[in-house]
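Every letter in the sequence shown is one number past the one before it in the working numbering, and letter 57, counting from 1, is 178.
Built from N, CA and C at the ideal position, the CB exists for glycine as well.
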Amino acid sequence: REDFIFSRVIEESLLLSGHGANVWTAAVASEPTAHAFKTWEEQVKAWSPDVIVCSYGYYEVIHLFLPRWLERHANSLKQRPGRVRQAYRKYFLRKIWMTGAKLQCRLDAKVGGKFFGRKLKQVEVELRTYIDKSREVGEPLIMLFEFLPPGSRGRGWFPGMTERTAMMNEMLRGLVASYDNPEIMLVPIPDIAERTMPPGVEPNTDGFHYTAKLHRAIGEEIADEIRTWAKQYPRLQPRD
122 REDFIFSRVI
132 EESLLLSGHG
142 ANVWTAAVAS
152 EPTAHAFKTW
162 EEQVKAWSPD
172 VIVCSYGYYE
182 VIHLFLPRWL
192 ERHANSLKQR
202 PGRVRQAYRK
212 YFLRKIWMTG
222 AKLQCRLDAK
232 VGGKFFGRKL
242 KQVEVELRTY
252 IDKSREVGEP
262 LIMLFEFLPP
272 GSRGRGWFPG
282 MTERTAMMNE
292 MLRGLVASYD
302 NPEIMLVPIP
312 DIAERTMPPG
322 VEPNTDGFHY
332 TAKLHRAIGE
342 EIADEIRTWA
352 KQYPRLQPRD
């Protein structure tokens, strides 16, 4: 329980500095950017958060062609026990998934980011719409994540993901710059990782997910940015 994900670190850091903080992590595995609008009314319109931190855009850089529904089904986090269910997953579903994943891996090494432009443009339009709609609800601070390239284990299965991640980060930098607004900003995850991790130690040792040390550093940096931003609002100041 000592290793917090970055959202818990944000909440802890803000509370320790006297700021009232209620941090809500609304996350679903393998969530594309388009799904942000499914929960927008509940999470943004109704709650009216002061700060919105988004990591949308990462899912889109992972798979070359395998569909989301198949990944969610094959790697479901809601698996139930049962002889028939377990046999189906072991002898049928797992074999289909692994066959598709191995085929995708071979093609991904050749394709990389060649046909990624259309999807990239779609993510840009969806993010811009999400930002514009959200800024109409009390003008919250909006923070978008830059993304780490996959670690060595991730590159083994997704050899084209590094190129697509670089393309996504370039788009995100351009998107944020186009607003020219200090209340719409980028969280430079690769820079934070470079400053945080010892030489030779990957920041995503399983290939994708941040280490506990990096989660801590990301959360503290975001909390610092929120404290700086909040200084302009008297009702968001620290309480004794």
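{"Item": "Determine the DSSP secondary structure at F158, reduced to helix, strand or coil.", "Value": "helix"}
{"Item": "Within the chosen definition, does the region 177-186 reach the region 280-290 through at least 3 CB pairs nearer than 8 Å?", "Value": "yes"}
{"Item": "With which residues is L262 paired in a DSSP beta bridge?", "Value": "V172"}
{"Item": "At what residue ranges does the region 187-264 contain a whole run of the alpha helix (DSSP H), taking only runs of 4 or more?", "Value": "189-195, 204-209, 215-232 and 238-256"}
{"Item": "Are the beta-carbon atoms of I305 and I252 separated by less than 8 Å?", "Value": "yes"}
{"Item": "In this structure, what does DSSP give as the bridge partners for M306?", "Value": "M264"}
{"Item": "Return the residue from the list T349, I313, K352 and G328 that minimises the CA-CA distance to K334.", "Value": "I313"}
{"Item": "Any idea what DSSP makes of V144, helix, strand or coil?", "Value": "coil"}
{"Item": "Give the straight-line distance between the Cα atoms of V205 and R215, rounded to the nearest whole angstrom.", "Value": "14 Å"}
{"Item": "For I217, count neighbouring Cβ atoms within 10 angstroms of its own Cβ and tell me buried if that reaches 16, exposed if not.", "Value": "exposed"}
{"Item": "Could you tell me which whole alpha helix (DSSP H) segments of length 4 or greater appear in the region 329-353?", "Value": "333-351"}
{"Item": "I need the straight-line Cα distance from E245 to D301, nearest angstrom please.", "Value": "16 Å"}
{"Item": "For the alpha helix (DSSP H) that contains S128, what are its first and last residues?", "Value": "F127 to L137"}
{"Item": "Any contact between the region 186-194 and the region 139-157? By contact I mean 3 or more CB pairs, one from each, below 8 Å.", "Value": "yes"}
{"Item": "What does a CB cutoff of less than 6 Å around H336 pick up in its chain, not counting 5 residues either side in sequence?", "Value": "I126 and F127"}
{"Item": "So, under 8 Å CB-CB, E247 and A155 are touching, yes? Tell me the CB distance rounded to an integer number of Å.", "Value": "6 Å"}
{"Item": "Report, in whole angstroms, the separation of the C-beta atoms of V172 and P271, which I expect to be a contact under 8 Å.", "Value": "Going by Cβ atoms, the distance from V172 to P271 rounds to 28 Å, so no, they are not a contact pair."}
{"Item": "Excluding five sequence neighbours on each side, which residues of the same chain lie with their C-beta closer than 7 Å to the C-beta of E267?", "Value": "N290, L293, L307, V308, P309, I310 and P311"}
{"Item": "Drop a sphere of 10 angstroms on the beta-carbon of N143, count the other beta-carbons inside from all chains shown, and report buried for 16 or more, exposed for fewer.", "Value": "exposed"}
{"Item": "CB-CB under 8 Å to E108, same chain, minus the five flanking residues each way: which ones, in chain order?", "Value": "Because the chain is modelled from 122 through 361, residue 108 falls outside the range shown and cannot be assessed."}
{"Item": "Going by C-alpha to C-alpha distance, which of S138, D327 and V297 sits closest to L269?", "Value": "D327"}
{"Item": "Would you mind working out which of E123, S134, V130 and G139 sits nearest R360, comparing C-alpha positions?", "Value": "G139"}
{"Item": "Could you spell out the range, first to last residue, of the alpha helix (DSSP H) harbouring A298?", "Value": "M282 to Y300"}
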